[in-house]
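Written below as structure tokens is the structure these notes are about.
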Amino acid sequence: MADTTLEGAAGISRTRRFTSAAPVAALVLFLGLAACAPDPGNDGPPRIVLNVAAERATIDVAGLPADQLQVLTAERSRDEWVAILRVAVAADQPPMAGDYVVSEGRLRFTPMFPLDAGRDYVVRFVAPGDLAAQAISASVSLPARDTTPVTVVSQVFPSAGDVPENQLRLYVHFSAPMGSKGGLDYIHLLDDKGAEVKDPFLPLDAEFWNDDRTRYTVFFDPGRQKRGIAPIADLGRSLTQGKTYTLVIDAAWRDGNGLPLAQPFRRPLRVGAPDERPLDPKTWTIMPPSAGSTNSLRVTFPEPLDHGLLLRALGVLAPDGSPLPGDVIVGEGELLWMFTPKGAWPAGRYSLVAFASLEDLAGNRIGRAFEVDRFERSDHSAEPEKTLIPFSVR
Amino acid sequence: MRSLFLRSTLVLTVALSWSGVPSAARASVDNGVGPTFKSIGPLVFGPDGVLFAGDTQSAAILALDLGKAATGGAAGAKAIPAFDQKVAALLGTDVREITVTDLVVHPKTRNAFASVMRGQGNNAQPALLRIDGAGKIDVVAFGGLKYSRVELPNAPAANPTDQRNSRTQSITDMAFVDGRLYVAGLSNEEFSSKLRSVSYPFSTVDNGASVEIFHGNHGQFETRSPVYTFVPYKVKGETNLIAGYLCTPLVKFPVTGLKAGAKVMGTTIAELGNRNRPLDMIVYQKDGKEFLLMSNNSRGVMKISTEGFATAEGITKPVADKAGVGYETITAMKGVEQLDLLDAANTIVLARTEAGVLNLNIVALP
Numbered sequence: 020m021a022d023t024t025l026e027g028a029a030g031i032s033r034t035r036r037f038t039s040a041a042p043v044a045a046l047v048l049f050l051g052l053a054a055c056a057p058d059p060g061n062d063g064p065p066r067i068v069l070n071v072a073a074e075r076a077t078i079d080v081a082g083l084p085a086d087q088l089q090v091l092t093a094e095r096s097r098d099e100w101v102a103i104l105r106v107a108v109a110a111d112q113p114p115m116a117g118d119y120v121v122s123e124g125r126l127r128f129t130p131m132f133p134l135d136a137g138r139d140y141v142v143r144f145v146a147p148g149d150l151a152a153q154a155i156s157a158s159v160s161l162p163a164r165d166t167t168p169v170t171v172v173s174q175v176f177p178s179a180g181d182v183p184e185n186q187l188r189l190y191v192h193f194s195a196p197m198g199s200k201g202g203l204d205y206i207h208l209l210d211d212k213g214a215e216v217k218d219p220f221l222p223l224d225a226e227f228w229n230d231d232r233t234r235y236t237v238f239f240d241p242g243r244q245k246r247g248i249a250p251i252a253d254l255g256r257s258l259t260q261g262k263t264y265t266l267v268i269d270a271a272w273r274d275g276n277g278l279p280l281a282q283p284f285r286r287p288l289r290v291g292a293p294d295e296r297p298l299d300p301k302t303w304t305i306m307p308p309s310a311g312s313t314n315s316l317r318v319t320f321p322e323p324l325d326h327g328l329l330l331r332a333l334g335v336l337a338p339d340g341s342p343l344p345g346d347v348i349v350g351e352g353e354l355l356w357m358f359t360p361k362g363a364w365p366a367g368r369y370s371l372v373a374f375a376s377l378e379d380l381a382g383n384r385i386g387r388a389f390e391v392d393r394f395e396r397s398d399h400s401a402e403p404e405k406t407l408i409p410f411s412v413r
Numbered sequence: 013m014r015s016l017f018l019r020s021t022l023v024l025t026v027a028l029s030w031s032g033v034p035s036a037a038r039a040s041v042d043n044g045v046g047p048t049f050k051s052i053g054p055l056v057f058g059p060d061g062v063l064f065a066g067d068t069q070s071a072a073i074l075a076l077d078l079g080k081a082a083t084g085g086a087a088g089a090k091a092i093p094a095f096d097q098k099v100a101a102l103l104g105t106d107v108r109e110i111t112v113t114d115l116v117v118h119p120k121t122r123n124a125f126a127s128v129m130r131g132q133g134n135n136a137q138p139a140l141l142r143i144d145g146a147g148k149i150d151v152v153a154f155g156g157l158k159y160s161r162v163e164l165p166n167a168p169a170a171n172p173t174d175q176r177n178s179r180t181q182s183i184t185d186m187a188f189v190d191g192r193l194y195v196a197g198l199s200n201e202e203f204s205s206k207l208r209s210v211s212y213p214f215s216t217v218d219n220g221a222s223v224e225i226f227h228g229n230h231g232q233f234e235t236r237s238p239v240y241t242f243v244p245y246k247v248k249g250e251t252n253l254i255a256g257y258l259c260t261p262l263v264k265f266p267v268t269g270l271k272a273g274a275k276v277m278g279t280t281i282a283e284l285g286n287r288n289r290p291l292d293m294i295v296y297q298k299d300g301k302e303f304l305l306m307s308n309n310s311r312g313v314m315k316i317s318t319e320g321f322a323t324a325e326g327i328t329k330p331v332a333d334k335a336g337v338g339y340e341t342i343t344a345m346k347g348v349e350q351l352d353l354l355d356a357a358n359t360i361v362l363a364r365t366e367a368g369v370l371n372l373n374i375v376a377l378p
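First to last, the protein sequences are chains Z and H.
Here the numbering used here is used: the first residue of the first sequence is 20, the next is one more, and so on.
Here the numbering used here is used: the first residue of the second sequence is 13, the next is one more, and so on.
Okay, here's the thing in structure tokens:
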């Protein structure tokens, strides 16, 4: 009376047998792991098998007599297949999409999408063409993943926690890949009295992950950061100069395994004066290395620059004008940028190259502040693509 | 190591004029059978039933020949209550694991197609669904589909050897106009507004035009507010894009001006209110007149007569909340996240109830 077998690495299955396609009893006949359930092959009686031997787990009906297998090789519509072998997340839910095939002496259902770990799937098989046939039902599931949360917020930039009143964005870094949903439901800004600031961030959702989903970008709503216009009556500014806020990230934010964070994150944000000046490379300090050394080029800034853009929008051109390969380190407080070439520095005239996309914390660029508040005063000319700042290695 | 203060050095601005940059780059195009997506987002049909699907995570666009999947179902589309729950069951998972990213209607069969992401994180998988006139939901198997795929070039890095480039760009909306696909996107590092055009069949991707507007609601001239959704619309016989920006200027600009590398000055024809993100829009006709229907995340569905689009003066001064072309809020349409024109009399929408359930509804055009 063994109706279920588990194969491959692991799996859990609970089987029920019904007669005449009507459930008369729900008997849990089997509960176990593959390791303790040797495969009895394709001998009878018919039973539902969670087959985890292949890369994608399949749901098989084993133990079918040869004449039934022959009948099952005919082509059928999806609805006809579902009447024979139905796999669903619950008995009252629509059947799952997947492919049906007779293979290795079994009827095999390959779900269109991999089965979720730890989720129960309800399976029901009725042999075709035999009205007196018994229906076999089973509940199958892959083992649940480890449910101990381990992912944490590893860093938030700007790292110093001092921001201008018109701060444009925050980068939230995680120790492991996160889920695909956006994070605004889990990110809060509390004022100096602990009250939540309403809607401080742009209502954008899932688009702002990096490629491996370990960094999420949060944009403050520029419409609430403006100078020179009355604050929106019902909301006010997101950040007010002179106050200290607390950035709170809830532990409920789910990671790529569907687990919450191991702990919530809190970081004070001290708000200073708004920064409405364009970047001026003349205020930067370049400390070139000595010729023949492998020391780093060091560039310091009078104000923190955007961490993400410092990694991408600054580089070095060799004396012949070609990009110089090397490693970049952004120093503490995003006030320092260090560049170490792959080899030693030959003497010569180099250039620090700053792409037009480089910004400070408030989104100001070289020669162009984030805000231009008068239409007729705005610069309609094309932005320079890059700025070159020469330096010598001697 | 010597310290060098830049005050004493020459700072060179490389005024590489945009005209000096190639106006359209030969694109990386891949043709084949069995497309793959990292993520599936915005959808738009071309006139011949080619379905353009944006892979938002890869910043790529795939043109899909749906083959039998385009014609296999009963014509039309039918309302489906608890659509997200039924989709989750079909894909073998929980409703919390389902994100519906777009909804469009096939120009001939009037079947609805929805793009869906199943699951979380890097294991999330794309799915394309067809909803037919009998209310049947089918998963379109990518395996046998012919496709053509083009990548939008990512912005270059100043240090090309650095492997930690975390910039990604995604696609927020697309429209197909006169043989070209117009694409609006967002970057996770730059707050910017750029529209690219891609020729079809795919061969080139241009560098994009910066679309600048006066945003009266923010009291500023603003290049950088991202375009969120847009539709093509003829104003006095000239094809324009009507674009909805964040917080919520409505802007028109003629497509003839969208030259690669250009800075295009859009005409802000309405300010539809702050604290708002436009989600989707369509153009339709009723009683001999034309209207724009736009869904929003916080200000409901707006019906906007296009009568004033040709004559509306551009808004160039700060406004407190709303200005320009007016609108009517369609109170009967609540929680609309996606919409498309189903036929001459109806729109098909995905609407979320206050309880959080996502229904597929068919609503008579207002």
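Glycine included, every Cβ here is placed at the ideal spot set by N, Cα and C.
At which residues does the beta strand (DSSP E) containing residue i begin and terminate?
i: ASP299 of chain H; result: Careful: ASP299 of chain H lies outside any beta strand (DSSP E) and carries neither H nor E.
i: ILE254 of chain H; result: 250-257
i: ARG364 of chain H; result: 358-364
i: LEU198 of chain H; result: 192-199
i: ALA124 of chain H; result: 124-130
i: LEU209 of chain Z; result: 206-209
i: VAL71 of chain Z; result: 66-71
i: GLY345 of chain Z; result: 345-349
i: ALA315 of chain H; result: Contrary to the premise, residue 315 of chain H reads as Lys rather than Ala in this sequence. Here the beta strand (DSSP E) through LYS315 of chain H covers 313-317.
Mind checking if residue i is an interface residue toward chain H, Cβ cutoff 9 Å exclusive?
i: TRP228 of chain Z; result: yes
i: VAL182 of chain Z; result: no
i: MET357 of chain Z; result: no
i: ALA107 of chain Z; result: yes
i: GLY327 of chain Z; result: yes
i: PHE220 of chain Z; result: no
i: PRO323 of chain Z; result: no
i: ARG331 of chain Z; result: yes
i: GLY275 of chain Z; result: yes
i: LEU104 of chain Z; result: no
i: SER376 of chain Z; result: yes
i: SER405 of chain Z; result: Position check: residue 405 of chain Z holds Lys in this sequence, whereas Ser was assumed. So yes, LYS405 of chain Z belongs to the interface.
i: PRO241 of chain Z; result: yes
i: THR236 of chain Z; result: yes
i: LEU208 of chain Z; result: no
i: SER199 of chain Z; result: yes
Please list the terminal residues of the continuous alpha helix (DSSP H) segment that includes residue i.
i: ASP96 of chain H; result: 95-102
i: ARG331 of chain Z; result: 326-331
i: ILE103 of chain Z; result: 97-103
i: LEU90 of chain Z; result: The question names Leu, but residue 90 of chain Z in the sequence shown is Val. 85-91 is the extent of the alpha helix (DSSP H) around VAL90 of chain Z.
Could you tell me whether the Cβ atoms of residue i and residue j are closer together than 9 Å?
i: LEU221 of chain Z; j: PHE193 of chain Z; result: no
i: SER370 of chain Z; j: ILE408 of chain Z; result: yes
i: ALA124 of chain H; j: LEU377 of chain H; result: no
i: GLY44 of chain H; j: TYR159 of chain H; result: yes
i: THR359 of chain H; j: ILE294 of chain H; result: yes
i: LEU333 of chain Z; j: PRO342 of chain Z; result: no
i: ALA170 of chain H; j: PHE374 of chain Z; result: yes
i: PRO493 of chain Z; j: ARG384 of chain Z; result: Nothing can be reported for residue 493 of chain Z, as the shown portion of chain Z is limited to 20 through 413.
i: ALA282 of chain H; j: PRO261 of chain H; result: yes
So, does the CB of residue i fall closer than 9 Å to a CB anywhere in chain Z?
i: ASN371 of chain H; result: no
i: ARG289 of chain H; result: yes
i: GLN350 of chain H; result: no
i: GLU202 of chain H; result: yes
i: LYS98 of chain H; result: yes
i: SER51 of chain H; result: yes
i: GLY44 of chain H; result: no
i: GLY133 of chain H; result: yes
i: ARG14 of chain H; result: Note on ARG14 of chain H: pLDDT 34, under 50, position unreliable in the model; the coordinate value appears next. Yes - at least one Cβ of chain Z is within 9 Å of the one on ARG14 of chain H.
Using a Cβ distance threshold of 8 Å, determine whether the stretch 260-274 of chain Z contacts the stretch 182-200 of chain Z, with at least three qualifying pairs required.
yes
Could you tell me whether the stretch 107-117 of chain H touches the stretch 359-374 of chain H, where touching means 3 or more Cβ pairs closer than 8 Å?
yes
Stretch pair the stretch 180-192 of chain H + the stretch 304-322 of chain Z: three plus CB contacts closer than 8 Å
no
Tell me whether the stretch 316-329 of chain Z and the stretch 341-358 of chain Z touch, counting them as touching only if at least three CB pairs, one residue from each stretch, are closer than 8 Å.
With a cut-off of 8 Å, the stretch 341-358 of chain Z and the stretch 316-329 of chain Z count as touching, because enough Cβ pairs lie within range.
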